[in-house]
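Here's the structure, in structure tokens; my notes come after.
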């Protein structure tokens with residue numbers, strides 16, 4: 056038995072980021088940044104004469120008139136707190152100032168002013184509020200380039216790894232305030248480090264765009280999440296009003312507007328809408344599907360005319376939650392497996408190339424597909440003892456297969472996969488496929504009619520469609536149909552940060568989506584049972600999968 | 056020598072207030088309150104179904120849709136802090152709530168919500184921010200009636216009686232914050248007492264309208280007043296943005312909108328614009344004049360098509376500032392004087408009817424006019440010793456006339472009027488008349504063409520046109536031309552509190568006014584010299600004044 060440990064090359068964050076730079080992201084890579092994009096945030100040096108006896112307009116009125124001329128609009132809000140510092144500021148800087156504004160629904164709003172002619176740019180933050188990982192992009196709002204992207208663990212994990220626990224905590228005493236403070240404080244620490252690193256003053260961070268699922272959005276805003284997981288599943292808010300960074304105590308300009316992606320419902324949040332925005336399939340004639348797989352599988356199907364969405368529990372198998380060696384992607388984590396059945400050679404790739412310490416979702420799918428093709432598990436996902444050979448074992452009555460021995464692992468212990476863990480994966484993959492079938496049936500659509508299937512999220516990005524098709528998790532379609540999106544929630548937030556049109560599109564997408572509740576669908580359960588086979592009880596659905604001969 | 060002390064009957068505040076009640080005030084007393092008035096603040100009980108599995112819209116979205124239907128408008132802002140308390144509130148009150156909103160420029164804004172079906176009304180405050188007296192009206196926003204009107208001393212007087220001292224203090228260290236805190240704290244004390252007295256919860260006070268001169272407005276908002284009294288006389292702000300009561304820490308609903316009347320310039324403030332609004336002459340074809348006399352005399356001339364304004368120093372003589380016995384109107388203050396020259400009988404009336412303790416502006420004008428008609432002062436305003444008789448005296452080289460002897464006064468001391476005090480009054484009356492002549496000449500208008508002359512402010516209201524004409528302070532026109540306005544600043548604030556049309560008119564008035572600087576007018580000085588005679592060097596201008604024979 057040999058290990059070939061290869062180094063997995065992730066595209067560097069910088070490369071990734073620059074590709075997203077000008078408001079585009081992967082599926083729209085060919086789209087060029089043009090002046091069509093209407094900037095959300097604008098920086099203007101208004102022209103106005105200094106005061107005199109002949110022109111003794113008030114300071115604020117003078118600046119406002121200059122701005123109205125420059126913007127060719129009289130609809131302008133200049134907040135009182137800025138008016139307070141205006142008189143001395145104007146005199147100090149010889150009446151030459153530069154004003155930062157944001158474009159609202161029907162008027163401009165002044166965010167701040169600075170001495171004219173400063174070289175420093177103005178910046179924005181795109182934020183993906185994941186329940187386990189939070190990603191932040193620092194974006195230059197003038198050249199639209201990403202300065203840096205960071206990600207870090209959501210500190211709410213310390214209160215509860217799963218969202219239900221957090222919601223329960225939120226409804227007790229000061230739980231909600233605590234959950235909100237956790238995420239805001241951690242966010243502020245990282246924002247401060249990020250701006251310090253790039254020598255950017257906090258006051259020049261002038262806008263934020265935030266996408267998260269419904270519960271994360273509620274926590275972020277300090278909104279009561281109590282109704283989300285309780286029948287009839289009512290969020291406090293779907294359409295979030297534009298707020299100011301100061302209202303949340305964020306470590307940026309206190310008047311920076313914060314655009315929070317709206318939710319469709321309790322189980323379909325702003326992160327998904329950001330994903331749709333990033334994919335751009337809501338603007339195409341052809342019908343596409345967007346899938347975000349995690350503990351919940353969220354699916355949207357549609358085109359430029361309509362969008363249908365649903366979400367269903369896929370089980371924690373794909374997020375490293377159940378398998379004893381399961382974990383989130385990171386150094387030493389197995390993300391790819393191949394088994395040469397002829398020679399019995401296992402090839403295992405780990406992230407970073409080090410000794411294996413565990414396995415992530417995409418690695419687990421590869422592993423299960425390989426075990427099936429090698430005949431080590433059968434169509435029901437049960438171990439075929441005879442084919443497993445030495446690798447098979449039983450501990451405390453539970454069957455397992457050895458993946459990496461203690462001698463080769465990075466933990467000093469055997470890495471094994473147990474029968475219950477495979478059973479859990481079987482349920483997850485069955486749920487995933489069933490959700491896709493159900494939503495397609497609802498609109499009388501065959502998978503063959505689907506132009507693209509976008510795979511969102513870290514998991515979706517690194518999944519090997521071959522393996523997922525082998526398991527019968529996703530439809531047996533040409534590989535070109537499958538399009539990994541990366542962190543599409545972050546990419547969507549990045550877009551909305553730069554363009555008012557994209558923000559309007561967000562509203563449009565939100566109002567266009569028809570959300571269907573899967574949990575109340577009887578049909579779903581019989582479809583689910585049929586999908587708990589590899590690849591499926593109806594093998595004709597997966598013609599490309601070569602089912603190994605039984606012993 | 057006899058005193059006839061009469062009781063002066065002031066109309067009770069309640070009577071006055073109810074007369075102003077339905078958005079009208081004296082010159083518009085005939086105008087009926089009709090549905091034409093578009094309420095600024097609205098109270099609505101939106102209709103919406105409680106949530107169900109079939110209708111699982113978010114709480115906020117459900118309420119907003121209900122409001123949009125009721126308001127027949129989709130333009131609606133629902134602030135985040137209210138969304139926070141919405142979910143539990145809705146469940147607690149069975150989804151029956153009542154929402155208070157205010158109508159903005161192009162959208163509705165939610166102020167607060169309450170359980171549906173409450174009997175308690177909603178209230179607003181109209182505030183006149185005088186530099187010496189602050190007046191507050193508590194107004195029921197539903198029936199438009201005044202619940203109570205109060206007035207109290209502006210506590211900034213302890214820092215400086217005159218505005219220049221206060222501005223000087225404001226530009227030093229924390230002076231501005233101190234001045235602002237003084238007025239806000241005192242205001243809050245009175246608001247709390249007022250709402251407690253009427254058993255009104257602070258959160259049900261949903262709107263404020265504030266009118267003051269430019270400097271008072273700056274202090275109220277914490278704006279730098281440094282440029283106001285320094286060439287080229289630049290206020291920080293003329294058009295004040297709509298702010299929230301919470302931003303000023305006012306003891307009302309923190310989201311209550313605060314409408315602050317705009318200024319035209321350093322010497323022409325929102326109190327005057329409120330006065331114009333209250334008088335309504337800006338809506339008439341005929342040309343009228345509005346005069347507000349204090350240390351500064353502010354004058355507006357115009358009609359529905361144009362408005363010209365100016366302001367000039369009238370001297371403190373008319374505000375009780377210079378005369379040793381001068382004081383503001385109050386109990387025991389002489390407000391009317393008559394001298395029967397035939398019998399040498401002086402009739403003196405005091406406010407409240409008690410023993411005299413001092414004299415107010417209108418009393419001083421009466422007194423001076425009487426002294427002139429009795430030949431005790433000549434056309435230059437100098438004492439005619441022979442005519443003054445026993446009342447004449449000299450102390451420390453300064454000539455004076457006895458008004459009330461120590462035996463009859465309420466202070467136990469002689470009340471006297473000195474030559475320098477009369478000289479000061481002569482300058483004030485000359486300034487007043489010159490300002491009126493100058494502004495009329497600017498627009499090529501004769502006083503005969505003026506339909507009405509509105510006298511604003513407490514002083515203006517109680518002035519006896521006979522006496523003022525005798526002194527040559529105001530033009531020699533039929534008495535019906537003169538129309539006292541009372542506290543027109545407060546009346547104007549009351550109007551804008553109730554009606555969006557009136558707020559729009561305020562903007563219209565402000566932008567229509569052409570302000571002319573008198574201090575830079577050379578013509579003014581020669582006109583001023585000619586007016587320093589009683590009634591004038593050109594006696595033909597005052598045909599109704601019978602000049603007494605010289606001795």
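Chains as they are written, first to last, in the working numbering: chain X, 56 to 606; chain S, 56 to 606.
Using N, Cα and C, we set each Cβ at its ideal position, and we do this for glycine too.
As the structure is a computational prediction, the values presented were derived from the model and not from experiment.
Proximal residues of chain X, C-beta to C-beta of residue i below 8 Å
i: residue 116 of chain S; result: 292, 293 and 294
i: residue 286 of chain S; result: 108
Residues that residue i contacts on chain X, provided the C-beta gap is smaller than 7 Å
i: residue 128 of chain S; result: Chain X residues near residue 128 of chain S: none, gap ~13 Å exceeds 7 Å.
i: residue 135 of chain S; result: 276, 296, 298 and 302
i: residue 161 of chain S; result: 161
i: residue 320 of chain S; result: 111
i: residue 391 of chain S; result: Those within 7 Å of residue 391 of chain S in chain X number zero; the least Cβ separation is about 41 Å.
i: residue 138 of chain S; result: 278, 291 and 292
Cβ-Cβ distance between residue i and residue j below 7 Å
i: residue 99 of chain S; j: residue 154 of chain S; result: yes
i: residue 425 of chain S; j: residue 392 of chain S; result: yes
i: residue 287 of chain S; j: residue 108 of chain X; result: yes
i: residue 553 of chain X; j: residue 223 of chain X; result: no
i: residue 193 of chain X; j: residue 242 of chain X; result: no
i: residue 355 of chain S; j: residue 364 of chain S; result: yes
i: residue 587 of chain S; j: residue 523 of chain S; result: no
i: residue 582 of chain X; j: residue 492 of chain X; result: yes
i: residue 217 of chain X; j: residue 267 of chain X; result: no
i: residue 525 of chain S; j: residue 600 of chain S; result: yes
i: residue 322 of chain X; j: residue 260 of chain X; result: no
i: residue 353 of chain X; j: residue 339 of chain X; result: no
i: residue 543 of chain S; j: residue 330 of chain S; result: yes
i: residue 390 of chain S; j: residue 418 of chain S; result: yes
Where residue i falls, given that 16 or more other Cβ within 10 Å makes a residue buried
i: residue 361 of chain X; result: exposed
i: residue 559 of chain S; result: exposed
i: residue 254 of chain X; result: exposed
i: residue 80 of chain S; result: Confidence is the limiting factor: at residue 80 of chain S the pLDDT is only 27, short of 50, which leaves the residue's position unreliable, though a coordinate-based value still follows. So residue 80 of chain S counts as buried.
i: residue 510 of chain X; result: buried
i: residue 317 of chain X; result: buried
i: residue 90 of chain X; result: Unreliable placement is indicated for residue 90 of chain X, whose pLDDT of 38 sits below 50; the coordinate value is still reported in the next sentence. Residue 90 of chain X is exposed by the Cβ-count criterion.
i: residue 483 of chain S; result: buried
i: residue 304 of chain S; result: exposed
i: residue 534 of chain S; result: exposed
i: residue 489 of chain S; result: buried
The alpha helix (DSSP H) enclosing residue i, as first and last residue numbers
i: residue 146 of chain X; result: 135-147
i: residue 490 of chain X; result: 474-497
Closer than 7 Å to chain X by CB, residue i
i: residue 289 of chain S; result: yes
Chain-ordered neighbours of residue i on chain S, where CB pairs are closer than 7 Å
i: residue 641 of chain X; result: Because residue 641 of chain X is not part of the residues shown, which for chain X are 56 to 606, the question remains open.
Neighbour list for residue i in chain X, Cβ cutoff strictly below 9 Å
i: residue 497 of chain S; result: Ordered by position in chain X, no residue passes the 9 Å Cβ test against residue 497 of chain S, which lies about 16 Å from the chain.
N-terminal and C-terminal residue of the beta strand (DSSP E) that residue i is part of
i: residue 609 of chain S; result: With chain S covering 56 to 606 only, the question about residue 609 of chain S has no answer from this structure.
i: residue 183 of chain S; result: 178-184
i: residue 238 of chain X; result: Residue 238 of chain X -> not in any beta strand (DSSP E); alpha helix (DSSP H) instead, spanning 230-252.
i: residue 315 of chain X; result: 312-315
i: residue 33 of chain X; result: Here chain X covers residues 56 to 606 and nothing more, so residue 33 of chain X does not appear.
C-beta neighbour in chain S for residue i, strict 7 Å
i: residue 567 of chain X; result: no
Proximal chain S residues relative to residue i, where beta-carbon distance stays under 8 Å
i: residue 132 of chain X; result: 296
Neighbour flag for residue i against chain B, beta carbons, 7 Å
i: residue 248 of chain X; result: In summary, chain B is missing from the structure at hand, where the protein chains are X and S.
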